[in-house]
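Numbering (our numbering), first residue to last: 383 to 483. Okay, structure first, notes after.
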Amino acid sequence: MAAAIDLLVEGGPEALTVDGVVARSGVAKTTIYRHWESRDDLVQAVFRECAPRIAAPDQQQNFDEQLRNGVDQVVAALADERWQRIFPALLRLRAQHPELA
Numbered sequence: 383m384a385a386a387i388d389l390l391v392e393g394g395p396e397a398l399t400v401d402g403v404v405a406r407s408g409v410a411k412t413t414i415y416r417h418w419e420s421r422d423d424l425v426q427a428v429f430r431e432c433a434p435r436i437a438a439p440d441q442q443q444n445f446d447e448q449l450r451n452g453v454d455q456v457v458a459a460l461a462d463e464r465w466q467r468i469f470p471a472l473l474r475l476r477a478q479h480p481e482l483a
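Below, the structure written as structure tokens:
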């Protein structure tokens, strides 16, 4: 997964290929296909791995607390250096793969 993410960040969605992951990671192509049946599956896995995880609101909190916690989580995600590096590539990836929306 790390090789796929690196390729996406460095070269954009076009660089995220099974052959590229094989070359970057040094693992066999059959190993990649054991984990992901196609490039599209790999793309979706990268998107899921890199998308920020925002926890569901705590139902024990009032609306103001839920909103504040949600905003705090979004701000923390946006401040994360990894997210800042990968966000532009994810936007382009999503544009090419609308099913990721």
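Each residue gets a CB set at the ideal place from its N, CA and C atoms; glycine is no exception.
By the criterion of a C-beta distance shorter than 7 Å, V391 is surrounded in its chain by R467, I468, A471, once the five residues flanking it on both sides are discounted. Exposure of P434 is indicated by the presence of fewer than 16 other C-beta atoms within 10 angstroms of its C-beta. Between R406 and A385, the C-beta spacing is below 8 Å. Straight-line spacing of the CA atoms in V456 and A397 works out to 28 Å. Runs of the alpha helix (DSSP H) spanning 4 or more residues and lying entirely within the region 436-476 occur at 445-461, in chain order.
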